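Peer 1:
Protein chains in written order, with our numbering: chain A, 453 to 567; chain B, 45 to 160.
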């Protein structure tokens, strides 16, 4: 069965360190997204990609970067982790089909704690 | 600007009661999509429904039903005869066609507690 996985599921890191969260999907979806979930804010979009070599900033992109070298993976990098980036991170993917906006399928999430 | 408001932060009901979760949205676009997701205590996000702005027909899926009203910019979700397994956080999301194609804006969620 197709799926979307994230690793690690839990991560504790120190302020100032670079951290990379992995996201891998086997749906063969062109669209991939990264969100963070914080209490009282729902999910907020960090970065997104519509295909290989395409990346775009979302609502809360400061301090984060992504790269898309193949269809399956969209790793999220925190350049210099800050305590404000303690959050649960979700990766998602969706079908790209012209004029229709399809539902996004989410990974299980990564809980990141920055100490 | 796009906005999704879920004014009910937390709702508690007793099993078998009906419950409605409210979702009010704002968008400049005339073409848009609305979604509901469920996040059970285990943490994953489960897709429930997608609706586009041209289809105002209400939808029923088992105990779940959705009422879409463009006149009030609302897309409410009703669970009939609630069960303990319905306990979760429910999110409403909006993606509009012209300004934010494929980008989802989520509400802050409504936590539903169903007590036995």
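No residue lacks a Cβ here, since even glycine has one placed at the ideal position from N, Cα and C. This structure is a prediction, so every number in the text was calculated from the model and none was measured.
To the nearest angstrom, how far is the alpha carbon of residue 564 of chain A from that of residue 502 of chain A?
Peer 2: Spanning the two alpha carbons is a distance of roughly 25 Å.
Peer 1: Quick one: which chain A residues come within Cβ less than 7 Å of residue 139 of chain B?
Peer 2: Result: 553.
Peer 1: Quick one: which chain B residues come within Cβ less than 8 Å of residue 481 of chain A?
Peer 2: None at all; the shortest Cβ gap to chain B is about 11 Å.
Peer 1: Residue 147 of chain B: buried (16+ other C-beta within 10 angstroms of its C-beta) or exposed?
Peer 2: With 16 or more Cβ atoms within 10 Å of its Cβ, residue 147 of chain B is classed as buried.
Peer 1: Using a C-beta to C-beta distance shorter than 8 Å, which residues of chain B count as neighbours of residue 460 of chain A?
Peer 2: Here the premise fails: no neighbours, minimum Cβ distance about 14 Å.
Peer 1: So which of A:453, A:462, A:456 and A:454 has the shortest CA-CA distance to residue 539 of chain A?
Peer 2: Answer by Cα proximity: A:462.
Peer 1: Counting only beta-carbon atoms, is residue 527 of chain A nearer than 9 Å to chain B?
Peer 2: Not closer than 9 Å to any Cβ of chain B, the Cβ of residue 527 of chain A fails to qualify, so no.
Peer 1: I'd like the list of long-range same chain contacts for residue 48 of chain B, defined as Cβ closer than 7 Å, with 5 residues on each side in sequence excluded.
Peer 2: Cβ neighbours of residue 48 of chain B beyond the five flanking positions: 67, 69, 136, 137, 138, 149, 150 and 151.
Peer 1: Leaving out the 5 sequence neighbours to the left and right, which residues in its chain are closer than 6 Å to residue 97 of chain B when beta-carbon positions are compared?
Peer 2: Cβ within range, chain order: 75 and 76.
Peer 1: Where DSSP assigns a beta bridge to residue 70 of chain B, which residues make up the other side?
Peer 2: Paired residue(s): B:47.
Peer 1: Out of A:474, A:505, A:500 and A:515, point me to the one whose CA is closest to residue 456 of chain A's CA.
Peer 2: Of the listed residues, the one whose Cα sits closest to residue 456 of chain A is A:474.
Peer 1: At 3 residues or longer, and completely inside the region 95 to 125 of chain B: list those beta strand (DSSP E) runs for me, N to C.
Peer 2: As far as the region 95 to 125 of chain B is concerned, its whole beta strand (DSSP E) runs of at least 3 residues are 103 to 105, 108 to 113 and 118 to 123.
Peer 1: With a Cβ-Cβ cutoff of 9 Å, do residue 533 of chain A and residue 469 of chain A count as a contact?
Peer 2: For residue 533 of chain A and residue 469 of chain A, yes; Cβs fall inside 9 Å.
Peer 1: Grouping DSSP H, G and I as helix and E and B as strand, with all else coil, what is residue 130 of chain B?
Peer 2: Helix at residue 130 of chain B.
Peer 1: With a CB to CB cut of under 8 Å and the five nearest residues on each side skipped, what residues in its chain are close to residue 521 of chain A?
Peer 2: Correct list, in chain order: 504 and 505.
Peer 1: Apart from the five residues just before and just after residue 479 of chain A, which ones in its own chain have a Cβ nearer than 6 Å to its Cβ?
Peer 2: Within the same chain, residue 479 of chain A has close Cβ partners 454 and 545.
Peer 1: Is there a Cβ of chain A sitting closer than 9 Å to that of residue 68 of chain B, yes or no?
Peer 2: Not an interface residue.
Peer 1: Using the C-alpha atoms, what's the distance from residue 65 of chain B back to residue 145 of chain B?
Peer 2: Distance between the alpha carbons of residue 145 of chain B and residue 65 of chain B: 26 Å.
Peer 1: I believe residue 140 of chain B touches residue 73 of chain B by the beta-carbon criterion, under 8 Å. Please report the beta-carbon distance rounded to the nearest angstrom.
Peer 2: The Cβ separation is near 4 Å, so the contact holds.
Peer 1: Count the other CB atoms, across all protein chains shown, that sit within 10 Å of the CB of residue 132 of chain B; report buried if there are 16 or more and exposed otherwise.
Peer 2: It counts as buried.
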